Structure formats: C-alpha cells, structure tokens
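Novice: To start, I am sharing the structure in question, which I have written as structure tokens.
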Amino acid sequence: MIASETLNWLVPALILTPFVGAAVLAVMPARRAELFRPVALLFSAATGILAVYLLTQFDGNEAGFQFALQQPWVERLGISLAFGVDGISVFLVVLTGVIFPIAMLGATPHHDPKPYYAWLCVLMGASMGVFMALDLVLFFVFFELVLVPMYFLIGLWGYAERTAAATKFFLYTMFGSALMLVGLVATAVLHQRGVGGQLTFNLLEIARDPGISTNAARLIFVAFAVAFAIKVPLVPLHTWLPDAHTQAPTAGSVILAAVMLKLGTYGFLRFGIYLFPEAAVWAKPVLLTMAVLGITYGAIVATMQTDLKRLVAYSSIAHLGFIVLGLFSLTVVGIEGGILVMVNHGITTGALFLLVGMVYERRHTREISQLSGLQKSAPLLAAVMTIVVLASVGLPGLNGFPGELLALLGAFQTSRVWGVIAVTGVILAALYLLWAYQRTFHGPATGENATIRDMRPSEVLVMAPLVVLIVVLGLFPGLMIDRMEPSVKALVAHVDERVEDFEETRYEFVGPSPDTGGEAEGHSGGDSSGGTGEGGGAG
Amino acid sequence: MAGSSLLAVALQDVLVDAGDGFALPSIDWAGIAPNLILMLGAILLLTVVSILKRRVPSWFAPVWTISAAVAAALAVVPLWQRFSDTGPETLVAGAVGLDGFSLFATVVVCIAVVFVALLLADYLQREGLESPEWYVLVLLSASGAVTMASADDLIVLFVGLEILSVAAYVMTAMHRRRVSSQEAGLKYFVLGAFSSAFLLYGIALTYGATGSTNLAEIQAFLAEDVVTQNALLLGGLAFMLVGLGFKVGAVPFHSWAPDVYQGAPTPISGYMAGAVKLGAFAALLRVFVVAFGPAYRQEWQPLVAALAVLSLVVGAFAAISQTNVKRMLAYSSINHAGFILLGVLAASPAGTEAALFYLLAYTFMAAGSFAVVTLVGRAGEHRQSLDDYRGLASVRPGLALVFTVLLLSQAGVPLTVGFLAKLYVVTAAVESGFDWVAVVAMLTAVVSAFMYLRIVATMYFGDAPEGAPALRIPAATGLALGLSVVGVLLLGIVPGPVSDWANSAVAQLVVAAP
Numbered sequence: 004m005i006a007s008e009t010l011n012w013l014v015p016a017l018i019l020t021p022f023v024g025a026a027v028l029a030v031m032p033a034r035r036a037e038l039f040r041p042v043a044l045l046f047s048a049a050t051g052i053l054a055v056y057l058l059t060q061f062d063g064n065e066a067g068f069q070f071a072l073q074q075p076w077v078e079r080l081g082i083s084l085a086f087g088v089d090g091i092s093v094f095l096v097v098l099t100g101v102i103f104p105i106a107m108l109g110a111t112p113h114h115d116p117k118p119y120y121a122w123l124c125v126l127m128g129a130s131m132g133v134f135m136a137l138d139l140v141l142f143f144v145f146f147e148l149v150l151v152p153m154y155f156l157i158g159l160w161g162y163a164e165r166t167a168a169a170t171k172f173f174l175y176t177m178f179g180s181a182l183m184l185v186g187l188v189a190t191a192v193l194h195q196r197g198v199g200g201q202l203t204f205n206l207l208e209i210a211r212d213p214g215i216s217t218n219a220a221r222l223i224f225v226a227f228a229v230a231f232a233i234k235v236p237l238v239p240l241h242t243w244l245p246d247a248h249t250q251a252p253t254a255g256s257v258i259l260a261a262v263m264l265k266l267g268t269y270g271f272l273r274f275g276i277y278l279f280p281e282a283a284v285w286a287k288p289v290l291l292t293m294a295v296l297g298i299t300y301g302a303i304v305a306t307m308q309t310d311l312k313r314l315v316a317y318s319s320i321a322h323l324g325f326i327v328l329g330l331f332s333l334t335v336v337g338i339e340g341g342i343l344v345m346v347n348h349g350i351t352t353g354a355l356f357l358l359v360g361m362v363y364e365r366r367h368t369r370e371i372s373q374l375s376g377l378q379k380s381a382p383l384l385a386a387v388m389t390i391v392v393l394a395s396v397g398l399p400g401l402n403g404f405p406g407e408l409l410a411l412l413g414a415f416q417t418s419r420v421w422g423v424i425a426v427t428g429v430i431l432a433a434l435y436l437l438w439a440y441q442r443t444f445h446g447p448a449t450g451e452n453a454t455i456r457d458m459r460p461s462e463v464l465v466m467a468p469l470v471v472l473i474v475v476l477g478l479f480p481g482l483m484i485d486r487m488e489p490s491v492k493a494l495v496a497h498v499d500e501r502v503e504d505f506e507e508t509r510y511e512f513v514g515p516s517p518d519t520g521g522e523a524e525g526h527s528g529g530d531s532s533g534g535t536g537e538g539g540g541a542g
Numbered sequence: 089m090a091g092s093s094l095l096a097v098a099l100q101d102v103l104v105d106a107g108d109g110f111a112l113p114s115i116d117w118a119g120i121a122p123n124l125i126l127m128l129g130a131i132l133l134l135t136v137v138s139i140l141k142r143r144v145p146s147w148f149a150p151v152w153t154i155s156a157a158v159a160a161a162l163a164v165v166p167l168w169q170r171f172s173d174t175g176p177e178t179l180v181a182g183a184v185g186l187d188g189f190s191l192f193a194t195v196v197v198c199i200a201v202v203f204v205a206l207l208l209a210d211y212l213q214r215e216g217l218e219s220p221e222w223y224v225l226v227l228l229s230a231s232g233a234v235t236m237a238s239a240d241d242l243i244v245l246f247v248g249l250e251i252l253s254v255a256a257y258v259m260t261a262m263h264r265r266r267v268s269s270q271e272a273g274l275k276y277f278v279l280g281a282f283s284s285a286f287l288l289y290g291i292a293l294t295y296g297a298t299g300s301t302n303l304a305e306i307q308a309f310l311a312e313d314v315v316t317q318n319a320l321l322l323g324g325l326a327f328m329l330v331g332l333g334f335k336v337g338a339v340p341f342h343s344w345a346p347d348v349y350q351g352a353p354t355p356i357s358g359y360m361a362g363a364v365k366l367g368a369f370a371a372l373l374r375v376f377v378v379a380f381g382p383a384y385r386q387e388w389q390p391l392v393a394a395l396a397v398l399s400l401v402v403g404a405f406a407a408i409s410q411t412n413v414k415r416m417l418a419y420s421s422i423n424h425a426g427f428i429l430l431g432v433l434a435a436s437p438a439g440t441e442a443a444l445f446y447l448l449a450y451t452f453m454a455a456g457s458f459a460v461v462t463l464v465g466r467a468g469e470h471r472q473s474l475d476d477y478r479g480l481a482s483v484r485p486g487l488a489l490v491f492t493v494l495l496l497s498q499a500g501v502p503l504t505v506g507f508l509a510k511l512y513v514v515t516a517a518v519e520s521g522f523d524w525v526a527v528v529a530m531l532t533a534v535v536s537a538f539m540y541l542r543i544v545a546t547m548y549f550g551d552a553p554e555g556a557p558a559l560r561i562p563a564a565t566g567l568a569l570g571l572s573v574v575g576v577l578l579l580g581i582v583p584g585p586v587s588d589w590a591n592s593a594v595a596q597l598v599v600a601a602p
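These protein sequences, in sequence, are chains A and B. Take 4 as the starting number for the first sequence in our numbering and just add one per residue. Take 89 as the starting number for the second sequence in our numbering and just add one per residue.
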C-alpha cells in the first residue's frame with residue numbers, strides 16, 4: 004500500500020515546523036509582545052505552504068500512501084514513526100495547513116498572546132500528525148496530544164463557563180481514548196498471536212492480514228468506535244461539543260470545528276473501516292442510525308437555539324452526521340461524499356465561527372434576540388455571511404452541496420431508509436440557518452445594531468481565501484474527487500475483499516439484486532463513474 | 089547489608105544442615121558493591137558527623153548522600169557488564185541475586201535518593217530541622233530497598249524490608265513540630281509492624297510447605313512436586329501477599345497511605361512513593377512472578393487482579409473528592425500502584441519489564457510532584473489545599489508549567505513517560521489475557537485525569553489570592569524539579585535506550601544456587 008517515498012521529508016517538516024514555532028515562541032522574551040503574532044503566523048503559514056506544496060506534488064492517480072516514511076521509535080513494542088499521505092488524508096492535511104493561519108489571523112487573544120499562539124502552534128503540529136500517522140500508537144499519541152493545547156485554549160481564553168467546558172471536553176475525549184488504547188493494544192497483541200512474528204503497531208501490516216477472530220475484531224471495533232463517536236461527535240455522545248464551542252475563543256471554535264472534529268471521522272475511515280472491514284459492515288446499521296439521529300437532532304436543536312454560536316455548534320453535529328452517513332454507506336460515492344463534507348464543513352463552519360466572532364466583537368452579545376438589521380450598517384459582513392450561510396445550507400454551486408449530495412447518493416444506494424430520513428436534515432438546515440440569518444441581519448436595526456462597524460480590510464483579507472474556496476470547491480468538486488478516488492476505491496475494494504457477501508449487504512435496499520458476479524462488477528463500476536460524473540457534471 | 093545477609097545465610101545453614109555447624113559462605117564483595125556503598129555511606133556519614141559534630145558544614149550531608157547514590161549507580165556499570173557477559177548469578181550462598189532486575193532496581197533507588205537529598209537540603213533548612221540523621225536514614229532505607237530488590241531468599245527479603253521500613257517510619261515522624269508528622273509515623277509503624285508480621289508468617293508457612301526459603305529452590309520444588317495438601321502453601325502465599333500488598337499500598341491494605349503521605353515531611357512522601365514502593369514491588373515480583381509464578385499462577389493471579397482493580401478504582405475515585413493536594417497525590421499513588429500491579433498480574437517477562445519501567449517513571453513523576461507540594465506548602469507546610477494553588481500560573485509560571493507537565497504525565501498524556509508506562513503495563517496485561525483489567529485501568533486513568541485537571545485548572549484559571557507569602561524556589565529544589573521534568577519528557581519522547589535496558593534486565597530473574 005506504500006506507493007512512493009519521494010519527498011518524504013515533507014511529513015516531518017509539516018509536523019515539526021509548528022512545534023519549532025511553539026518552541027521559538029516559548030523562549031521569546033515577554034516584552035517583545037508585538038512579535039508573537041507575526042512569529043506564530045510565520046511558522047503556521049510556512050506549514051500551510053508546505054501543505055499546499057505537498058498537494059501539488061501529490062499523485063492523484065495513485066491509491067497507496069505517498070511521501071511514506073518509517074523509523075523505529077520504541078522497537079521493543081514494535082512502535083514506529085510511520086507516516087504517509089493518501090487521497091483520503093491529503094485534503095485534511097491541506098485543510099489543517101490553511102485553516103490555522105487563517106484562524107490566527109482572524110482572531111486575537113485578549114490577554115497573554117505568547118502562550119496563546121504557542122498552544123495554537125502545538126495544536127497545529129499535533130493535528131498534522133494525526134492525519135499522517137500510519138502506526139496505531141503514533142496515531143493515538145497525536146490524537147490524545149491535541150487535547151492539551153485545546154484544553155488550555157478553551158480554559159484560558161474562553162468565555163464565562165470556560166473551565167467547566169474545557170474539563171468536560173478533555174474528559175469526554177479521554178474516556179474514549181482509554182477504550183481505544185486498550186483496543187489498539189489488543190489489536191497488536193492478537194495480530195501477533197494470529198500471524199506470528201514481532202509485535203507491531205503498524206497499520207498497514209495489521210490491515211493486510213489482521214489474523215484476529217471475527218468476534219474479537221468486532222469488540223475492538225466497538226472500542227475504537229466509541230472513541231471516534233465521542234470525537235465526531237455522534238448523538239448521544241455529543242454533549243461536550245456545544246459547551247466547548249460556545250465557551251472557546253473564536254480561533255478555538257474555528258479549529259475545533261474545522262480540524263478536530265475531523266479526527267473522529269478520519270479515525271472511523273482509517274482505523275475503523277480500513278482496519279476492521281467486517282466489523283464495520285456489522286456495525287453499519289448502528290452507526291448509520293446514530294448519523295441520522297445526529298443529522299435530525301442537530302438540526303432540530305439548532306433551530307431552537309437563542310445563541311448564535313451554539314446554533315452553529317449544533318449545525319456542526321448535523322453536518323458531521325452527513326459525513327458518517329456517507330462513510331458508512333460503504334460505497335465509493337458515499338465515502339467520497341463524506342470526505343468532501345469533512346473538508347468543506349471545515350471551510351464553511353470555520354468561516355461561520357469567524358463571522359460570529361466578528362459579530363460578537365462588535366455587539367458583545369451572541370443572543371439572536373439582541374441582534375437585528377445588521378446588514379444596514381455592515382453590508383459587507385452581511386454579504387459574506389450570506390455566501391457562507393448558503394454554502395452551509397448546501398446551495399448548489401457552493402461547496403456544501405456536492406459532498407452532501409454524494410453522501411446521500413451513497414446512502415440511497417445501500418441504505419435507503421436512512422438516506423430518506425437524512426434528507427430531512429437538508430431541509431431543516433435551510434430552516435435554521437436562514438431563519439437565524441434573517442433574524443440577525445434583516446429587520447429594523449435597533450439600538451446599537453444600527454451603528455456597528457463594517458468589516459475592516461484585515462477581516463476581509465481573512466475571509467477572502469475562505470470565500471474563494473467556498474466558490475471554487477463548489478463549482479469544481481472534481482478537483483478533489485479525482486484525487487481521492489483511487490484511494491477510496493482501494494478502500495472499498497479492501498472491504499470487499501475481506502467481507503463475505505459484501506455486495507449483498509451493499510445492495511440490500513435498492514437496485515437489481517446482484518444475482519451474478521458480472522452484475523456486481525457492473526455496480527461498483529457504476530459507483531465510480533457516478534462519482535466522477537457528478538464531479539465533472541458540476542464542473 | 090553484608091551483616092544482614094550473613095545473618096540470613098547463617099540462619100539458613102542452621103536450618104538446613106544443622107549437623108555441620110556454622111559454615112561461612114564465600115562472599116563476592118564486588119557483586120554486592122552498590123548495596124555496600126549505600127550501607128557504608130550511611131554508617132560513615134553517621135560516624136563522621138558524630139566525631140566532628142557541629143564543625144560539619146550544612147552542605148556536607150546532602151553532598152555526601154548524592155555522591156554515595158551516584159557511586160552506587162556507577163558501581164552498577166561493571167556489574168551490568170558482568171551480567172550481560174555471564175548471565176544472572178546468585179551470590180552469598182544463594183541469598184542475593186546479581187541479575188538485570190536487581191541492577192535496574194538499584195539504579196532507580198539511587199535516582200530516588202538523589203532526588204530526596206536535593207529536596208531535603210532546602211526543606212530542612214526552611215523548616216529549621218537540619219541534621220545529618222535524615223540522610224543516614226535515607227541511605228539506610230535505600231540499602232534496604234536494594235536488598236529487597238536483589239533478594240534471592242525470603243529471609244533476606246524480610247531483612248531488607250525491615251531495614252527499609254524502620255528507616256521510613258522514623259523519617260515519617262521526624263518533623264518535630266508537626267503533630268501530623270508524628271501521628272503519621274506512629275500509624276505507619278503500628279500498621280507496618282502488623283504487615284511485617286503477616287509477611288513473616290507467610291514466609292514461615294511457605295518454608296513449612298516447601299522446605300526452603302530460597303526462591304530458586306521454592307520454584308524448583310513447586311515445578312517438580314505436586315503438593316497434594318496445599319493449605320499451608322496457599323496460606324503462606326496469601327499472608328505474603330497481604331504483607332507486601334500493605335507495603336505497596338494496594339487496596340484494601342492502603343488505609344495507612346493517605347495519612348502517612350500527608351503527614352510525612354513532603355520530600356519523604358515523594359521518596360516513599362519512589363523507593364519504598366519500588367522495594368515492595370520488586371519483592372512482589374520476585375516472590376510471586378518468579379518463585380510462585382509458573383506453578384501457582386492460577387492461584388495468585390485472581391488475588392492480584394482483585395488488588396489491582398480495587399487499587400485502581402479506589403485510588404482514582406477517592407482522589408477526586410479530596411481538597412488537599414498532597415492527599416490527592418497520595419490517593420493517586422494508590423491508583424499508580426494498581427497500574428504497576430497490572431505488570432505483576434501479567435506474570436510474564438513483559439509484565440515485569442513493564443512494572444520496572446513504570447516504577448522508574450513514577451520515581452521521576454513523584455519526586456517532581458512532591459517537590460512542587462514542598463515549595464507551595466511554604467514554611468510549616470500549612471499550604472497544601474487546592475486553594476493555595478489558585479493562580480499559581482500567574483505568580484510562578486515556570487513552576488506551574490513544570491507541575492502541569494508532571495501531572496499530565498501522571499494522567500498518561502502522550503510524549504511524557506507516564507503514557508509509555510501505562511502503554512507498557514496495558515500491553516503486558518492484554519498479552520496475558522487480562523483485557524478487562526486493562527480496560528478498568530484505563531477508565532480509572534480518566535477519573536484520575538479529572539483530579540489532575542482540577543489542579544491544573546486551579547493553577548491556570550483562578551486568580552492568585554492576596555497576601556500569600558512569596559514563593560521562593562531554592563537552587564537544589566529547582567535542580568530536582570528540572571531533572572524530574574527533563575526525565576519525564578526525555579523518557580517520554582526517546583524511550584528507546586531505557587526500554588531496551590529494562591527489557592534486557594528481566595531476561596532471567598532467579599537462578600539456582602550453584
């Protein structure tokens with residue numbers, strides 16, 4: 004599965020550059036306060052540029068891992084520093100690289116800039132590590148490491164209830180991680196017992212030939228799934244998210260939504276479906292149900308929110324439901340849709356949190372009832388908000404649409420009932436977002452609402468790249484789909500190869516029954532052409 | 089030590105071949121050099137200060153202690169060479185083992201001694217308690233811990249335990265002006281004497297059942313013979329588990345631990361969490377994993393599993409309801425004991441290795457954490473409640489950061505040694521089929537994390553109280569803090585060499601006497 008090792012210095016560079024940035028910030032003298040922000044921006048932007056360079060060097064026709072790198076770490080336990088990037092992770096790496104500098108640029112802390120930027124840099128490095136790690140323990144290390152900076156970001160620079168929110172966030176995730184740690188140790192031990200040889204935590208080696216009995220694999224999958232479901236979060240394990248989002252500072256919310264929630268969905272893909280295909284197929288109904296629950300519940304609860312930020316937080320739960328719906332449709336189209344939503348939700352929701360932060364900065368409230376008619380005094384802000392809201396709603400032509408469409412398509416192919424219920428989420432999204440927009444930006448501008456300042460040039464600069472991405476990725480989703488398709492197809496083939504009667508489980512609700520092998524072959528072909536057709540069509 | 093092992097051997101000879109009278113075994117002095125250095129260091133220090141009395145400068149005793157510890161650790165180097173060349177040996181007529189395990193444990197004890205000497209130097213000065221006896225006791229107890237970790241004979245093990253414990257009782261009670269210190273010392277002594285009696289009774293029963301107090305002979309006996317009436321043996325096994333379970337602070341034999349840890353002078357609390365625990369765990373590993381391991385594993389593993397689960401759960405849950413930081417750390421040390429018991433429970437080389445690595449890691453974490461408690465406690469150690477840590481980050485950002493790293497390491501956050509230590513024991517437990525205990529352990533780690541986060545949150549998210557006396561960080565304590573934090577991070581990021589070392593240390597523990 005390792006396709007190439009060229010240019011693999013990019014991987015450690017992507018992880019270490021932010022960490023070096025954090026170290027530089029830590030040793031900088033406290034009196035040069037004006038330098039902290041430029042230094043942090045320099046290092047995060049450098050990482051972002053490296054990430055974009057990685058994308059340009061990425062071979063989109065290759066299914067395996069590129070830029071692969073492997074070094075022993077704890078040889079005694081078979082833990083290695085194994086990294087690699089494939090069509091699934093490459094966009095998440097780029098997303099991480101792009102969103103961090105924007106978040107740093109878009110929001111400034113009210114106090115203690117030095118630790119603030121240092122923690123953001125640590126968070127960036129650790130997030131990069133999660134998306135590129137190909138070793139179970141290494142993945143866990145980064146997965147858990149992101150908690151620490153986020154804990155401090157929420158706890159130190161958050162709003163009134165920040166301490167409780169930070170602790171809740173840390174403990175929820177750690178609870179899942181505790182199960183996951185035992186799960187991954189069990190995976191390695193059982194793999195060694197089943198296959199022989201040295202103990203190893205290497206993902207590719209274990210996935211190639213797990214040697215784990217069906218029941219054990221299902222049990223371990225559950226352990227992993229709980230950890231990821233908390234991180235995503237899936238209803239009913241979501242209760243940490245609204246608090247964390249509401250209390251976090253703007254940059255924290257942006258990164259939480261754009262990057263950290265994706266750790267869970269990415270984990271499902273890489274360490275759930277890829278590592279335990281049979282168990283994933285077995286658990287599919289439960290996870291699809293949770294996904295649909297998240298879509299509808301998140302949307303309904305979002306409708307009832309009075310706090311703008313909390314509303315966006317609940318809308319995140321709904322969007323994340325779409326991702327899981329797509330992934331666990333276990334079709335090429337569905338998974339592609341899921342990955343598209345991962346990236347696009349990062350862009351749009353990141354932008355939404357930035358905009359909500361700008362509103363808060365001007366009005367010192369996020370209560371919808373206190374806001375109205377903002378567009379009169381801030382037309383530019385309203386215009387940007389319109390675009391972002393429409394993208395989040397899933398308007399065709401903007402980036403929210405293709406991903407949700409493909410995820411729904413995938414769900415319809417294999418799990419129609421869930422697909423049908425999920426569609427209601429799309430309608431509800433239009434309801435709560437547009438309604439909130441209408442209440443805050445339209446109507447008479449009363450009191451302070453009449454005199455707020457429009458976007459400053461610096462704020463326009465922050466939002467511009469996001470808006471460009473929203474439009475470009477909305478018009479040309481094929482840019483992404485084409486590059487991820489080989490990897491996604493390989494993943495589905497990997498599942499197909501290892502799960503008996505996979506074709507039947509895929510088509511149990513829809514389409515002509517795959518009586519003959521040739522038919523089944525035709526179906527998977529149809530999937531992919533549907534995927535590219537969609538991308539090409541929209542483009 | 090030489091005296092004690094002589095005594096033991098003499099005892100054994102009387103028991104085994106009473107007809108031949110006393111036959112002194114040949115003693116390989118070089119083989120027990122590290123232990124001798126610690127023991128003689130203590131005696132010489134006592135002699136020197138008795139003769140010179142007040143003319144000894146105050147820096148002399150700590151420097152002497154640290155030198156003795158470093159010398160003992162250096163003396164391990166040639167012995168390690170010898171061990172890697174010729175394999176494990178047993179010295180002094182089968183009484184003392186020279187193996188990787190005992191050498192590794194010796195080094196860990198020496199590290200603990202260095203830490204406690206650094207901390208005591210400042211602490212005693214602050215509290216006006218300066219006297220060299222503290223250091224004599226530290227060196228003596230270290231010698232006891234090393235004796236336990238290298239014991240190949242139950243009698244030697246018991247002697248080591250007594251040397252270790254008696255010194256620890258005295259050190260606990262040695263803060264003259266604090267009632268709680270004396271109370272803790274008395275409590276520790278009374279309960280400790282009970283547990284020693286249990287252990288001794290267990291040894292006697294085991295001797296009755298197997299006809300030997302030598303670990304290798306017990307192991308061989310149990311391997312060859314089937315004991316049909318094994319009540320005696322099981323009784324001995326259970327009593328020894330109670331005795332050693334008390335010393336490691338495992339639930340339900342833990343009730344002394346919170347009071348003693350809280351009452352003892354804080355540097356001594358850290359030392360007890362490191363060296364005293366290590367001695368007791370080394371004894372547990374030698375007796376249960378090695379001597380009773382192969383034949384009687386089925387019998388003792390459920391008992392140890394119960395101890396482990398209880399320690400994990402009680403340690404974690406009791407800690408979160410505390411408001412005294414020192415007491416929190418005391419309960420968390422019970423939780424850590426539960427984790428180390430996972431390594432014992434595994435009853436495998438991997439488990440022993442994991443327990444050793446965990447003990448090393450915990451020595452660093454405990455030394456640093458209790459050092460912070462020492463500093464924040466200020467003169468008289470009155471400031472130990474959570475409120476006294478409020479806003480520490482704004483007053484002493486460096487100290488708060490160090491404490492945060494140490495606490496996160498105890499919680500098991502990656503890139504610190506605490507994470508790898510937990511990964512090791514969990515892996516060993518899962519390998520031996522104790523998945524469910526591993527799950528319990530990790531879940532209690534989350535509960536403990538809540539407690540650690542409470543401290544971190546108090547330091548960072550609260551405002552410093554007005555009017556608290558200034559917090560000074562003396563040089564030696566600062567050095568100890570620096571060493572512990574560097575150790576925690578270094579071992580967490582580059583664990584390779586130490587983990588390989590622990591691995592080669594446990595190859596073969598006890599060999600039969602030639």
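Every residue, glycine too, gets a C-beta built ideally from N, C-alpha and C. Model, not experiment: these values are computed from the prediction.
Got a sec: is the Cβ-Cβ distance from Asn-423/B to anything in chain A below 8 Å?
Specialist: Output row for Asn-423/B: interface = no.
Novice: Relative to the alpha-carbon of Phe-341/B, which residue among Thr-294/B, Ser-283/B, Gln-350/B and Met-360/B has its alpha-carbon at the smallest distance?
Specialist: Checking every option, the nearest Cα to that of Phe-341/B belongs to Ser-283/B.
Novice: Please name the residue in Met-31/A, Ser-7/A and Phe-46/A whose C-alpha comes closest to that of Leu-19/A.
Specialist: When each option's Cα is compared against that of Leu-19/A, the closest is Phe-46/A.
Novice: Taking 8 Å as the CB-CB cut-off, is Asn-615/B touching chain A?
Specialist: Not covered by the structure: residue 615/B. The range shown for chain B is 89 to 602.
Novice: Can you tell me which of Ala-454/B, Phe-171/B, Leu-332/B and Val-576/B puts its alpha carbon nearest to the alpha carbon of Ser-253/B?
Specialist: Of the candidates Ala-454/B, Phe-171/B, Leu-332/B and Val-576/B, the one whose C-alpha sits nearest the C-alpha of Ser-253/B is Leu-332/B.
Novice: Between Ser-420/B and chain A, is there a C-beta pair that is closer than 8 Å?
Specialist: Chain A contact via Cβ: absent.
Novice: Evaluate the contact criterion for the stretch 372-382 of chain A versus the stretch 312-322 of chain A: three or more CB pairs, one atom per stretch, below 8 Å.
Specialist: Because the criterion of three Cβ pairs below 8 Å is not met, the stretch 372-382 of chain A and the stretch 312-322 of chain A do not touch.
Novice: Chain A partners of Tyr-609/B, CB-CB under 8 Å?
Specialist: Outside the displayed range of chain B (89 to 602) lies residue 609/B, so it cannot be described from this structure.
Novice: Looking at the structure shown, is Asn-591/B part of a helix, part of a strand, or coil, going by DSSP?
Specialist: DSSP places Asn-591/B in helix when its eight states are reduced to three.
Novice: Have a look at Leu-206/B and Ile-154/B and give me their C-alpha separation to the nearest angstrom.
Specialist: The straight-line gap from Cα to Cα measures roughly 8 Å.
Novice: With a CB to CB cut of under 7 Å and the five nearest residues on each side skipped, what residues in its chain are close to Val-429/A?
Specialist: Counting only Cβ-Cβ distances below 7 Å, and skipping sequence neighbours, we find Gly-397 and Glu-407.
Novice: Measure the C-alpha to C-alpha separation of Leu-207/A and Phe-70/A and round it to an integer number of angstroms.
Specialist: So the two alpha carbons sit approximately 15 Å from each other.
Novice: Whose C-beta lies closer than 6 Å to the C-beta of Phe-334/B among residues of the same chain, with five residues either side of it excluded?
Specialist: Contacts found: Ser-283 and Phe-341.
Novice: Can you tell me the Cα-Cα spacing of Leu-541/B and Leu-495/B, whole angstroms?
Specialist: Using only the alpha carbons, I get a separation of about 8 Å.
Novice: Looking at Asp-240/B and Asn-302/B, is the spacing between their C-beta atoms short of 8 Å?
Specialist: Taking 8 Å as the Cβ cut-off, Asn-302/B and Asp-240/B qualify as a contacting pair.
Novice: At a threshold of 7 Å, does Leu-531/B count as lining the ligand NAD (C-beta to nearest heavy atom)?
Specialist: No copy of the ligand NAD occurs in the structure displayed, which carries no ligand at all.
Novice: Going along chain A, which residues have a C-beta under 8 Å from Tyr-548/B?
Specialist: The contacting residues are Phe-155, Gly-158 and Leu-159.
Novice: Is the distance from the Cβ of Ser-461/A to the Cβ of Ala-66/A below 8 Å?
Specialist: The answer is no: Cβ separation not under 8 Å.
Novice: What do you get for Glu-164/A, buried or exposed, if any count of 16 or more other CB atoms within 10 angstroms of its CB means buried?
Specialist: Exposed, because fewer than 16 other Cβ atoms sit within 10 Å of the Cβ of Glu-164/A.
Novice: Can you name the start and end residues of the beta strand (DSSP E) that Pro-382/B belongs to?
Specialist: Note, Pro-382/B: premise wrong, no beta strand (DSSP E); alpha helix (DSSP H) at 381-408.
Novice: Checking the sheet assignment: what are the DSSP bridge partners for Gly-185/B?
Specialist: In the DSSP output, where bridge partners are listed per residue, Gly-185/B has Thr-178/B.
Novice: Flag Thr-20/A as yes if its beta-carbon sits less than 8 Å from any beta-carbon of chain B, otherwise no.
Specialist: False, the Cβ-Cβ gap to chain B never drops below 8 Å.
Novice: Just to confirm before moving on: does the CB-CB distance between Ala-189/A and Asp-523/B stay below 8 Å?
Specialist: Contact: yes.
Novice: From Val-14/A to Val-498/A, what does the alpha carbon distance come to, in whole angstroms?
Specialist: Roughly 27 Å separates the two Cα atoms.
Novice: Report back the beta-carbon spacing between Ile-422/B and Val-402/B to the nearest angstrom; my notes put them in contact at under 8 Å.
Specialist: At roughly 7 Å, the Cβ-Cβ gap stays under 8 Å, so Ile-422/B and Val-402/B are in contact.
Novice: At what residues does the alpha helix (DSSP H) containing Val-137/B begin and finish?
Specialist: Segment 121-140, the alpha helix (DSSP H) holding Val-137/B.
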